[in-house]
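>
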Amino acid sequence: MGQRQTLPVLPLRGTVMFPGITAPIAAGRPGTLRAIETALKGDRLVFAVAQRDNTEEPTPDILFSTGVIARIGQVQRGLGGVQLLLQGEQRATALHYGEQEGHLTAVIVPAEEMMPLDLKDPAFTALHKEARERAAELGEKRGLPEEVVHQVLDSVEDAGRFADLVAGYIELTVPEKQGLLETLSVEERLRRVLVHVQRQIGLLEAQEDIKSQVQEELGERQREMFLREQLKAIQKELGDDDSSKEITELREKLSKLDLPKEARAEVERELGRLERAGRESMEAQVIRTYLEWIAELPWNRRSDDHLELTRASDILDEDHYGLKDVKDRVLEFLAVRQLRAQQVAAEVATTGEFPVSKLKGESTDATPALGNGDADRQITDAKEAKARAMARGPILLFNGPPGVGKTSIAKSIARALGREYVRVALGGARDEADIRGHRRTYVGAMPGRIIQGMKQAGTKNPVFLLDEVDKLGQSYQGDPSSALLEVLDPAQNDSFTDHYLGVPFDLSEVLFIATSNFIQNIPGPLLDRMEVVAFSGYTEREKAEIAKTYLVPRQLEESGLAGRELAFTDEAVMKVISEYTRESGVRQLERQLGAVARKVARRVAAGDAATITDKVISADEVRELLGRPKVHPERAAEHDEVGISTGMYYTPMGGDIMFVEASIRRGGRTRPTDDEEQVRVGPISLILTGQLGDVMKESARAALTYATNNAELLGIPAERVAGASEAHIHVPAGAIPKDGPSAGIAIATALVSEMSNRKVRRDVSMTGEITLRGRVLPIGGVKEKVLGAHRAGIKEVIVPKANEADLDDVPDEVRQQLTFHCVETLRDVLKIALVQTTVAQAVEELVGV
Numbered sequence: 001m002g003q004r005q006t007l008p009v010l011p012l013r014g015t016v017m018f019p020g021i022t023a024p025i026a027a028g029r030p031g032t033l034r035a036i037e038t039a040l041k042g043d044r045l046v047f048a049v050a051q052r053d054n055t056e057e058p059t060p061d062i063l064f065s066t067g068v069i070a071r072i073g074q075v076q077r078g079l080g081g082v083q084l085l086l087q088g089e090q091r092a093t094a095l096h097y098g099e100q101e102g103h104l105t106a107v108i109v110p111a112e113e114m115m116p117l118d119l120k121d122p123a124f125t126a127l128h129k130e131a132r133e134r135a136a137e138l139g140e141k142r143g144l145p146e147e148v149v150h151q152v153l154d155s156v157e158d159a160g161r162f163a164d165l166v167a168g169y170i171e172l173t174v175p176e177k178q179g180l181l182e183t184l185s186v187e188e189r190l191r192r193v194l195v196h197v198q199r200q201i202g203l204l205e206a207q208e209d210i211k212s213q214v215q216e217e218l219g220e221r222q223r224e225m226f227l228r229e230q231l232k233a234i235q236k237e238l239g240d241d242d243s244s245k246e247i248t249e250l251r252e253k254l255s256k257l258d259l260p261k262e263a264r265a266e267v268e269r270e271l272g273r274l275e276r277a278g279r280e281s282m283e284a285q286v287i288r289t290y291l292e293w294i295a296e297l298p299w300n301r302r303s304d305d306h307l308e309l310t311r312a313s314d315i316l317d318e319d320h321y322g323l324k325d326v327k328d329r330v331l332e333f334l335a336v337r338q339l340r341a342q343q344v345a346a347e348v349a350t351t352g353e354f355p356v357s358k359l360k361g362e363s364t365d366a367t368p369a370l371g372n373g374d375a376d377r378q379i380t381d382a383k384e385a386k387a388r389a390m391a392r393g394p395i396l397l398f399n400g401p402p403g404v405g406k407t408s409i410a411k412s413i414a415r416a417l418g419r420e421y422v423r424v425a426l427g428g429a430r431d432e433a434d435i436r437g438h439r440r441t442y443v444g445a446m447p448g449r450i451i452q453g454m455k456q457a458g459t460k461n462p463v464f465l466l467d468e469v470d471k472l473g474q475s476y477q478g479d480p481s482s483a484l485l486e487v488l489d490p491a492q493n494d495s496f497t498d499h500y501l502g503v504p505f506d507l508s509e510v511l512f513i514a515t516s517n518f519i520q521n522i523p524g525p526l527l528d529r530m531e532v533v534a535f536s537g538y539t540e541r542e543k544a545e546i547a548k549t550y551l552v553p554r555q556l557e558e559s560g561l562a563g564r565e566l567a568f569t570d571e572a573v574m575k576v577i578s579e580y581t582r583e584s585g586v587r588q589l590e591r592q593l594g595a596v597a598r599k600v601a602r603r604v605a606a607g608d609a610a611t612i613t614d615k616v617i618s619a620d621e622v623r624e625l626l627g628r629p630k631v632h633p634e635r636a637a638e639h640d641e642v643g644i645s646t647g648m649y650y651t652p653m654g655g656d657i658m659f660v661e662a663s664i665r666r667g668g669r670t671r672p673t674d675d676e677e678q679v680r681v682g683p684i685s686l687i688l689t690g691q692l693g694d695v696m697k698e699s700a701r702a703a704l705t706y707a708t709n710n711a712e713l714l715g716i717p718a719e720r721v722a723g724a725s726e727a728h729i730h731v732p733a734g735a736i737p738k739d740g741p742s743a744g745i746a747i748a749t750a751l752v753s754e755m756s757n758r759k760v761r762r763d764v765s766m767t768g769e770i771t772l773r774g775r776v777l778p779i780g781g782v783k784e785k786v787l788g789a790h791r792a793g794i795k796e797v798i799v800p801k802a803n804e805a806d807l808d809d810v811p812d813e814v815r816q817q818l819t820f821h822c823v824e825t826l827r828d829v830l831k832i833a834l835v836q837t838t839v840a841q842a843v844e845e846l847v848g849v
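Once you know that position 438 of the sequence shown is 438 in my numbering, the rest is easy, because the numbers rise by one and skip nothing.
1) Suppose the cutoff is 7 Å on Cβ atoms and the five residues either side in sequence are ignored; what does the same chain contact list for Ala-429 look like?
2) Compare the C-alpha of Arg-189 against each of Ala-206, Met-225, Lys-211, Leu-127 and name the closest.
3) If we count Cβ pairs, one from each stretch, closer than 8 Å, do we get three or more for the region 65-76 versus the region 131-144?
4) With Leu-397 and Ser-516 assumed to form a contact (beta carbons below 8 Å), what rounded beta-carbon distance in angstroms separates them?
5) For Lys-831, I'd like the list of residues in its chain whose CB is within less than 7 Å of its CB, leaving aside the five on either flank, ordered along the chain.
6) Can you grab the Cα-Cα spacing for the pair Leu-772 / Ala-703, in whole Å?
7) Can you check whether the CB of Ala-50 is closer than 7 Å to the CB of Val-16?
8) For Leu-165 and Thr-32, what's the separation of their Cα atoms in angstroms?
9) Alpha helix (DSSP H) containing Val-752: first to last residue?
10) Among Lys-548, Ile-69, Asp-53, which one has its Cα closest to the Cα of Ile-62?
11) Could you have a look at His-728 and say whether DSSP puts it in helix, strand or coil?
12) So who's on the other strand from Ile-395, going by DSSP bridges?
13) Which residues in the same chain have their Cβ closer than 7 Å to the Cβ of Thr-549, if we skip the five residues on either side of it in sequence?
14) Give me the Cβ distance between Met-530 and Ile-395, rounded to the nearest whole Å; I'm assuming they're in contact under 8 Å.
15) With DSSP as the reference, label Gly-563 as helix, strand or coil.
16) With Val-152 as the anchor, note down where its alpha helix (DSSP H) starts and where it stops.
17) Check the DSSP bridge columns for Tyr-649 and list the partner residues they point to.
18) Leaving aside the five residues before and after Ile-519 along the sequence, list all residues of the same chain whose C-beta is less than 6 Å from its C-beta, in chain order.
19) I'd like to know whether the C-beta atoms of Ala-662 and Ser-699 end up nearer to each other than 7 Å.
20) Rank Glu-112, Leu-257, Glu-252 by C-alpha distance to the C-alpha of Ser-185 and give the top, closest one.
21) Output the boundary residues of the alpha helix (DSSP H) element that contains Met-852.
22) Tell me the rounded alpha-carbon separation between Pro-122 and Arg-44.
23) With a threshold of 8 Å on Cβ separation, who are the neighbours of Asn-710 within its own chain once the five nearest residues in sequence on each side are excluded?
24) Just to check, is the beta-carbon of Ala-833 closer than 6 Å to a non-hydrogen atom of the ligand ATP?
25) Determine the closest residue to Ile-745 out of Ala-833, Leu-787, Glu-157, Arg-134, with distance taken between C-alpha atoms.
26) Roughly how many whole angstroms lie between the Cα atoms of Thr-708 and Gly-627?
27) Between Arg-301 and Thr-459, how many whole angstroms is the CB-CB distance? I'm expecting something under 8 Å.
28) Do you know whose CA, among Lys-630, Ile-450, Lys-795, lies nearest Asp-763's CA?
29) Which of the three DSSP states, helix, strand or coil, is assigned to Val-443?
30) Would you identify the three-state DSSP class for Pro-633, choosing helix, strand or coil?
31) Using the Cβ count rule (16 or more neighbours within 10 Å means buried), how would you classify His-196?
32) From Ser-508 to Pro-811, what distance separates their C-alpha atoms?
33) Could you check whether the region 621-637 touches the region 779-792, counting it as contact only if at least three pairs of C-beta atoms, one from each stretch, sit closer than 8 Å?
34) For Phe-820, which beta-bridge partners are listed by DSSP?
35) Who pairs with Gly-715 in a beta bridge, going by DSSP?
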């Protein structure tokens, strides 16, 4: 007895499945669809069993107990259900039917066939041979080619499989077919199949005799009239009249398009195939869908650009607060396009010819093939000339933390230009076909996201936002970032070829803009095709202005509080910013303001609006509405301490400070735990804790080496170095991984402080990489780190001398409140960071020692 297994049940109406047979099945009942989805999530196996009657909702009592274990092949989804190919594999018997997740299931065991005791028995051999000959005769009488019939029958040598093959294709009732399926004896099943085949042969012979007698009785004219009437009835039944009308309308629609020469040739070829194909054939559906895509694409429709820098500047200021550098770069970007458009428009007005080669960077004898006209025909349309002129230029990549306005800036650019706006989210795309589309040979093929976006825009010169290009994946289906190389190359995208279309489509007039959070995740060749525009985080004052100008009115409107003269005090907004959000952007800030507005709306709806004093939401009421603070950022230390320095770090969510703690153990060494890493540096071993990455560990080793080798220069007593056995470096928040070289001088300062017993100033934070010779090297993210230090209450900041120019990016209001020290060596750092002791203090420390 075979092994039991539980499979989803696929009830069959009006048919019986046999092992070895592949049959198309249409499924539309909810329970059947759920069973198919369950199978597709697993090993694609179902238990295909026939129903005793044609009931809409099958139950276990109307299902036969014998069925077939079948595997689901191709699946095509439609509006009314799914079409799937089912491959029968083995007979099976249902021991029990049940229901699970809205569909029937069955506990089944495979049914073993009973083969003859002697396969070479003359009686069995004669039976098998007779069945094959009669089956071949039946196929030929049905009009099938002799070669096809023998090819199919000869492909199956096993007698049992042959009987199942013939049983699956002959015309029998469901009970008769079920009887053949339940017959496990191969010899008996072969005998029954032979009887059914012989019966159908006799029926066909009788039909042919009757047909010949009728044809003899009918006159030639009567026969012709009969056939014509029959042909009209068939055409009317098949709807061929409507089909030809539909094809004519489609042809007229396509003829009005100004298609390139290659696209026109492909369209004519597919139209011819559509006219020859039957209306209900699968091929006709595929061709019709393809031609509809061609007809709906904007081959020659474009928006008329209305570009005025003053209006564009007003729109950017209206939609966004701050982001001065970004707005300046966007306006420069638009100014170049405006001047190019004016230059070309003037040349067109003077000469009457459009300088295609100049704009496209080609030789003077090269012109694009546009529409049905000749490739050498010059473009004289001033609107098209203007669009082509504005198409050239760099492709912008907006890079920065989440919530700082990258996507909305792109939307504002589209509004300033008067163009259509299309956004395509690329996050998680792992298949090259997402960009280039599927070839039409595949079932359910469709164009890629670029062509879909162009259809959505309805014009050939939209602003096209490629959102989250740094989140593109890669799998065995291909690399979508490689497919984007052609899209984002102005020298190639005028002939972008989608796999589904199979003909070039001009993307040169599209204004592509990309966004990302992690620029290091973008492949080099793709990044090389774009110009990076950096978005940095907002200061707290900028967030407050954004909240008062944009976020609070919007949230009051969405909460139904508009017109009630409610307002947030400045202190309330700052409390939400500082105690309930921690981000570079304003997305979380808007959520928290929305939470306050919803809670106020609930009070208003309940008639308890009197609790809001003078219709003004204060900081205390924010605390009451939102509860305890949800963000606890690091703050500057309260006292100067030995062995604790303040570093700075940067993540895509913004900058902040961190503390680096150092402790020196004197005497015997301890054995490190599993969470520690012990490294021997000269006479002192180094222990590192706090989830430090490899680069940060290397910085700690370099800092210890420099401190021990230059103890005398750094003011470290020799006896403190000689007596030290272990140096322990710890960075709090041990559950958070940390890495990067920029903590080098913070680690070195903490070590020197601990070894020399000198305190580190609490109001000083630092960042910079350190070398074995004590040099301080530049790092990145200076602006974000400085903003984080300012939020934490730091007063003085130490940065590498090479990063001095980066301080220009820091907002003026922050620079006025901080003191910056640009250093080149660690000795410069220590002079600033360590508390300078007086003579009296030094004597007291020595006496204390």
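The beta-carbon is built from N, C-alpha and C at its ideal position, and this holds for glycine as well.
From the atom records:
1) Only Leu-472, Gly-473, Pro-480 meet the Cβ criterion.
2) The shortest Cα separation from Arg-189 among Ala-206, Met-225, Lys-211, Leu-127 belongs to Leu-127.
3) Cβ pair count under 8 Å is below three, so no.
4) Under the criterion of beta carbons closer than 8 Å, Leu-397 and Ser-516 qualify as touching, at roughly 6 Å.
5) Nothing meets the Cβ criterion.
6) Within the model, the alpha-carbon separation for Leu-772 versus Ala-703 is close to 7 Å.
7) A contact, by the Cβ cut-off of 7 Å.
8) Answer to the nearest angstrom: the Cα atoms are 25 Å apart.
9) 744-756 is the extent of the alpha helix (DSSP H) around Val-752.
10) Checking every option, the nearest Cα to that of Ile-62 belongs to Asp-53.
11) His-728 falls in the strand class under three-state DSSP.
12) Here Ile-395 is bridged, per DSSP, to Met-530.
13) Excluding the 5 residues flanking it on each side, Thr-549 has same chain C-beta neighbours closer than 7 Å at Tyr-321, in chain order.
14) Taking C-beta atoms under 8 Å as the contact rule, Met-530 and Ile-395 qualify, at a distance of about 5 Å.
15) Coil at Gly-563, not helix or strand.
16) It spans 146-154 - the alpha helix (DSSP H) in which Val-152 sits, taken as one unbroken run.
17) Answer is Asp-656.
18) If we look at Ile-519 and ignore the five residues flanking it on each side, its Cβ neighbours are Asn-399.
19) No. Outside cutoff.
20) The shortest Cα separation from Ser-185 among Glu-112, Leu-257, Glu-252 belongs to Glu-112.
21) Outside the displayed range of the chain (1 to 849) lies residue 852, so it cannot be described from this structure.
22) Going by C-alpha positions, Pro-122 is about 41 Å away from Arg-44.
23) Taken in chain order, the residues that qualify are Gly-774.
24) No copy of the ligand ATP appears in this structure; indeed no ligand is present at all.
25) Here the closest residue by C-alpha is Ala-833.
26) Distance between the alpha carbons of Thr-708 and Gly-627: 50 Å.
27) That pair is a contact at about 5 Å.
28) Of the candidates Lys-630, Ile-450, Lys-795, the one whose C-alpha sits nearest the C-alpha of Asp-763 is Lys-795.
29) DSSP places Val-443 in coil when its eight states are reduced to three.
30) When secondary structure is reduced to three states using DSSP, Pro-633 falls in the coil class, being assigned neither helix nor strand.
31) Buried, since its Cβ has 16 or more Cβ neighbours within 10 Å.
32) Near 38 Å, if we compare the C-alpha coordinates of Pro-811 and Ser-508.
33) Yes, the region 621-637 touches the region 779-792.
34) Phe-820 is bridged to Val-797.
35) DSSP lists no partner for Gly-715.
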